[in-house]
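Undergrad:
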Amino acid sequence: TLYGRNWGCTAYVPFLHFDACYYQAIDFAIEKRLARVEAGAQGGHKLLRGYLPCPTYSAHYIAHAGLRRAVADYLENERQAVAEHMDELREQAPFKKSDPSTSSG
699 TLYGRNWGCT
709 AYVPFLHFDA
719 CYYQAIDFAI
729 EKRLARVEAG
739 AQGGHKLLRG
749 YLPCPTYSAH
759 YIAHAGLRRA
769 VADYLENERQ
779 AVAEHMDELR
789 EQAPFKKSDP
799 STSSG
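Structure follows, in C-alpha coordinates:
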(Lines of atoms letter the chains of each structure in order from A and count residues from 1; the text may use other names and numbers.)
(Lines give C-alpha, C1' and ligand atoms only; values in the text may rest on other atoms or scores of the structure.)
Protein backbone atom coordinates (compact mmCIF):
# COMPACT_ATOMS: atom_id res chain seq x y z
CA THR A 1 0.00 0.00 0.00
CA LEU A 2 1.14 3.50 -0.85
CA TYR A 3 -0.13 6.17 1.57
CA GLY A 4 -0.49 9.71 0.31
CA ARG A 5 -1.30 12.96 2.08
CA ASN A 6 -1.50 16.60 1.04
CA TRP A 7 0.59 18.84 3.29
CA GLY A 8 -0.13 22.06 1.39
CA CYS A 9 1.97 24.31 -0.79
CA THR A 10 3.37 27.83 -0.93
CA ALA A 11 1.94 28.70 -4.36
CA TYR A 12 -1.12 27.62 -6.33
CA VAL A 13 -0.31 25.67 -9.49
CA PRO A 14 -3.37 24.50 -11.46
CA PHE A 15 -3.87 20.72 -11.32
CA LEU A 16 -0.61 20.11 -9.43
CA HIS A 17 -2.46 18.71 -6.42
CA PHE A 18 -4.27 16.09 -8.49
CA ASP A 19 -1.22 15.13 -10.50
CA ALA A 20 1.16 14.88 -7.55
CA CYS A 21 -1.25 13.42 -5.01
CA TYR A 22 -3.36 11.10 -7.16
CA TYR A 23 -2.22 10.42 -10.71
CA GLN A 24 1.49 10.04 -9.95
CA ALA A 25 0.61 7.84 -6.97
CA ILE A 26 -1.50 5.56 -9.16
CA ASP A 27 1.24 5.35 -11.82
CA PHE A 28 3.81 4.51 -9.13
CA ALA A 29 1.56 1.84 -7.61
CA ILE A 30 1.00 0.21 -11.00
CA GLU A 31 4.72 0.26 -11.78
CA LYS A 32 5.61 -1.26 -8.39
CA ARG A 33 2.65 -3.67 -8.47
CA LEU A 34 1.18 -2.28 -5.28
CA ALA A 35 -2.34 -3.48 -4.58
CA ARG A 36 -3.60 -0.23 -3.12
CA VAL A 37 -3.14 3.53 -2.97
CA GLU A 38 -4.59 5.07 0.19
CA ALA A 39 -5.23 8.76 -0.51
CA GLY A 40 -6.56 9.63 2.93
CA ALA A 41 -9.94 10.35 4.40
CA GLN A 42 -12.39 12.93 3.10
CA GLY A 43 -12.67 14.68 -0.20
CA GLY A 44 -15.56 14.11 -2.57
CA HIS A 45 -13.25 14.91 -5.49
CA LYS A 46 -11.45 11.61 -4.89
CA LEU A 47 -14.45 9.57 -6.03
CA LEU A 48 -14.30 11.09 -9.52
CA ARG A 49 -10.63 10.11 -9.71
CA GLY A 50 -11.25 6.46 -8.92
CA TYR A 51 -10.70 6.41 -5.18
CA LEU A 52 -13.58 4.50 -3.64
CA PRO A 53 -14.61 5.18 -0.05
CA CYS A 54 -13.33 2.89 2.65
CA PRO A 55 -13.63 3.22 6.42
CA THR A 56 -10.85 4.70 8.48
CA TYR A 57 -10.26 4.02 12.14
CA SER A 58 -8.59 5.68 15.07
CA ALA A 59 -8.24 4.88 18.75
CA HIS A 60 -8.44 7.35 21.60
CA TYR A 61 -8.57 7.11 25.37
CA ILE A 62 -11.01 9.47 27.06
CA ALA A 63 -10.35 9.57 30.79
CA HIS A 64 -13.57 11.28 31.87
CA ALA A 65 -16.25 8.55 32.13
CA GLY A 66 -19.16 10.86 31.27
CA LEU A 67 -17.47 12.25 28.19
CA ARG A 68 -16.37 8.73 27.20
CA ARG A 69 -20.02 7.54 27.31
CA ALA A 70 -21.23 10.58 25.36
CA VAL A 71 -18.62 10.05 22.65
CA ALA A 72 -19.41 6.32 22.50
CA ASP A 73 -23.14 7.05 22.07
CA TYR A 74 -22.43 9.58 19.33
CA LEU A 75 -20.07 7.24 17.50
CA GLU A 76 -22.60 4.41 17.56
CA ASN A 77 -25.02 6.59 15.59
CA GLU A 78 -22.33 8.06 13.37
CA ARG A 79 -21.02 4.63 12.30
CA GLN A 80 -24.38 3.76 10.77
CA ALA A 81 -24.68 7.12 9.02
CA VAL A 82 -21.15 6.87 7.63
CA ALA A 83 -21.73 3.30 6.40
CA GLU A 84 -24.90 4.39 4.59
CA HIS A 85 -23.13 7.39 3.04
CA MET A 86 -20.25 5.19 1.86
CA ASP A 87 -22.76 2.86 0.17
CA GLU A 88 -24.31 5.86 -1.60
CA LEU A 89 -20.89 7.04 -2.77
CA ARG A 90 -19.94 3.58 -4.06
CA GLU A 91 -23.05 3.67 -6.24
CA GLN A 92 -21.62 6.81 -7.88
CA ALA A 93 -18.25 5.20 -8.60
CA PRO A 94 -16.84 5.97 -12.05
CA PHE A 95 -16.32 2.29 -12.85
CA LYS A 96 -18.41 0.17 -15.15
CA LYS A 97 -20.72 -2.13 -13.24
CA SER A 98 -20.50 -5.80 -14.15
CA ASP A 99 -23.60 -7.35 -15.67
CA PRO A 100 -24.21 -10.83 -14.21
CA SER A 101 -26.32 -11.78 -17.25
CA THR A 102 -23.29 -11.42 -19.56
CA SER A 103 -20.88 -13.28 -17.28
CA SER A 104 -19.17 -16.30 -18.80
CA GLY A 105 -19.60 -18.06 -15.47
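Taking the working numbering, I'd label the letters of the sequence shown as residues 699 to 803.
Quick reminder that beta carbons are idealized off the backbone N, C-alpha and C, glycines included.
Would a C-beta distance cut-off of 8 Å place L732 and Q790 closer than the cut-off?
TA: Numbered from its first residue, the sequence shown carries residue 732 at position 34. Numbered from its first residue, the sequence shown carries residue 790 at position 92. No, Cβ-Cβ distance for L732 and Q790 is not below 8 Å.
Undergrad: According to DSSP, is L773 helix, strand or coil?
TA: Numbered from its first residue, the sequence shown carries residue 773 at position 75. In the structure shown, L773 sits in a helix (DSSP, three-state: H, G or I).
Undergrad: Classify V735 as buried or exposed, calling it buried when 16 or more other Cβ atoms lie within 10 Å of its own Cβ.
TA: Position 37 of the sequence shown, counting from 1, holds the residue named residue 735. Buried, by the Cβ-count rule.
Undergrad: Answer with buried or exposed for Y755, where buried requires no fewer than 16 other C-beta atoms within 10 angstroms of its C-beta.
TA: Your numbering for residue 755 matches position 57 in the sequence shown. The residue in question, Y755, is exposed, as its Cβ has fewer than 16 Cβ neighbours within 10 Å.
Undergrad: Since A727 is in the alpha helix (DSSP H), which residue starts that stretch and which ends it?
TA: For the purposes of this step, residue 727 is taken as residue 29 along the sequence shown, with counting starting at 1. Segment Q722 to E729, the alpha helix (DSSP H) holding A727.
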